[in-house]
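Undergrad: I'd like to ask you about the structure that follows.
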Amino acid sequence: MADIPRLRHLKGRDPLGLRRALADRLLPALVGAMALLAALGLAGAQGAGRLAERWQAGASGQLLLQLPSDADAGAIAERLAQLPGTVEAALVPEERLRQLMAPWLGEVPNLPLPRMVAITLRPDADQTSFLEVVQDLPGAQLETQGTAIQQALRLAEVLQALSVAMLAVVGLVGAALVTVATRSGIAARRETILILHELGARDSDIARRFARRLAQLCAMGALGGAVVAVPALWALADQAIPVVLAREATAADLPWGSLLALPLVAAGIGWLTAWITLRVWLRRL
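See below:
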């Protein structure tokens, strides 16, 4: 009898019968589904963050200068290109402007159009001297992409927030599943637990047995969910990245670190939830 309370020394054994009470079927499948959703949420958060960075970096120095139709736009573009901090100042061809205006104005070859200069500045460029030159140009109007970019960045932030909220919900649902499974295991092994408890088995040893079993089941399920998520995420990346980042998708675009971390995080949630649930129940005895 003296060895019964020391459950932690019964290595390789299952004195509580947890392999039967906590079967490796339903819970891993449910955790796998949660892991798949978590992987999609992580990919969404990562994708939104990269998209926001690209928008911000690519448009921070993009300006469009509108000049009167009779202005010497070529000379002005050359002058602006020589200013410190200017990467490029290129005259937008009139044919391109007419193509852009065709959906609204139709084909109007005789319509005079303003001259447009597309300007790219370095992100760290001091725009003071540039703005002074522009202000001295008669009839010049400077347009930035700030408003559109700010709206796009807000959209990316909303997508990131939704992804984080999705991850939080997945974590809470996973913890709830583990709580239900733990209580089911307690109900199935109630008499055994009570006997061991009366014989003096430590609450921490009993809770550790439950927590270890639930952590194993959660890790198994999350690993399966992560494996299923790989082809799903690749299909999404293969369609989205050429549109968003203007290049072909590669294996490096997948969130491998997050996928590898899913089983560990799931095991941690399972272990902690089962530990707390069982300790609370044992304290009521």
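Numbering (this note's numbering), first residue to last: 544 to 828.
No residue lacks a Cβ here, since even glycine has one placed at the ideal position from N, Cα and C.
These numbers come from a predicted model, not from an experiment.
(1) Cα separation between residue 641 and residue 612?
(2) May I ask you to verify whether the region 752–763 touches the region 722–729, counting CB pairs closer than 8 Å and requiring at least 3?
(3) Sort 573, 585, 637, 572 by Cα distance to residue 711 and report the nearest one.
(4) Identify, in the order they occur along the chain, each residue of the same chain with its Cβ nearer than 7 Å to the Cβ of residue 581, setting aside the five sequence neighbours on each side.
(5) Is DSSP giving residue 545 helix, strand or coil here?
(6) Who are the near neighbours of residue 622 in its chain, counting only those whose CB is closer than 6 Å to its CB and skipping five residues on each side?
(7) Do residue 721 and residue 665 have their C-beta atoms closer together than 7 Å?
(8) What's the C-alpha gap between residue 589 and residue 705?
(9) Report the start-end ranges of each beta strand (DSSP E) in the region 738–789 that is 3 residues or longer and not cut off at the edges.
(10) Under 7 Å between the Cβ atoms of residue 659 and residue 635?
(11) On the three-state DSSP scale, how would you describe residue 791?
(12) Work out the CA separation of residue 739 and residue 571 for me, nearest whole Å.
(13) Please classify residue 608: is it buried, with 16 or more other beta-carbons within 10 angstroms of its beta-carbon, or exposed?
(14) Sort out for me which residues DSSP pairs residue 662 with in a bridge.
(15) Identify, in the order they occur along the chain, each residue of the same chain with its Cβ nearer than 7 Å to the Cβ of residue 758, setting aside the five sequence neighbours on each side.
(16) Does residue 696 come out as helix, strand or coil in the three-state DSSP assignment?
(17) Given a cut-off of 7 Å on the beta-carbon distance, is the pair residue 792 and residue 778 in contact?
(18) Helix, strand or coil: how does DSSP classify residue 684 here?
TA: Quick answer:
(1) Position 98 of the sequence shown holds residue 641. Position 69 of the sequence shown holds residue 612. In a straight line, the C-alpha of residue 641 is about 13 Å away from that of residue 612.
(2) yes
(3) Sequence index remark: in the sequence shown, residue 711 carries index 168 (1-based). When only C-alpha atoms are compared, the closest one is 585.
(4) The residue labelled residue 581 in the question sits at position 38 within the sequence shown. Here the set comprises 710, 713, 805.
(5) Your numbering for residue 545 matches position 2 in the sequence shown. Any reading at residue 545 must be qualified, since the residue scores a pLDDT of 42, below 50, and its modelled position is unreliable; the value itself is stated next. Three-state result, residue 545: coil.
(6) Taking the first residue of the sequence shown as position 1, residue 622 is located at position 79. Taken in chain order, the list of residues that qualify is empty.
(7) In the sequence shown, counting from the first residue as 1, residue 721 sits at position 178. In the sequence shown, counting from the first residue as 1, residue 665 sits at position 122. Contact flag unset, no.
(8) Counting from one through the sequence shown, the residue named residue 589 turns up at place 46. Counting from one through the sequence shown, the residue named residue 705 turns up at place 162. C-alpha separation (whole angstroms): 12 Å.
(9) none
(10) Position 116 of the sequence shown, counted from the first residue, corresponds to residue 659. Position 92 of the sequence shown, counted from the first residue, corresponds to residue 635. Yes, the pair counts as a contact, with Cβ atoms nearer than the cut-off.
(11) Against the sequence shown, residue 791 aligns to sequence position 248. Of the three classes helix, strand and coil, the one that applies to residue 791 here is coil, per DSSP.
(12) The residue labelled residue 571 in the question sits at position 28 within the sequence shown. The residue labelled residue 739 in the question sits at position 196 within the sequence shown. C-alpha separation (whole angstroms): 28 Å.
(13) Position 65 of the sequence shown, counting from 1, holds the residue named residue 608. With 16 or more other Cβ atoms within 10 Å, it is buried.
(14) Numbered from its first residue, the sequence shown carries residue 662 at position 119. 606, 632.
(15) Within the sequence shown, residue 758 is the residue found at index 215, counting from 1. Excluding residues within five positions, the ones whose Cβ falls inside 7 Å are 810, 813, 814.
(16) The count along the sequence shown starts at 1 and reaches residue 696 at position 153. In this structure, residue 696 counts as helix in the three-state DSSP scheme.
(17) Taking the sequence shown and counting its residues from 1, one reaches residue 792 at position 249. Taking the sequence shown and counting its residues from 1, one reaches residue 778 at position 235. Result no, Cβ atoms of residue 792 and residue 778 do not sit closer than 7 Å.
(18) What you label residue 684 is simply residue 141 of the sequence shown in a count that begins at 1. Residue 684 falls in the strand class under three-state DSSP.
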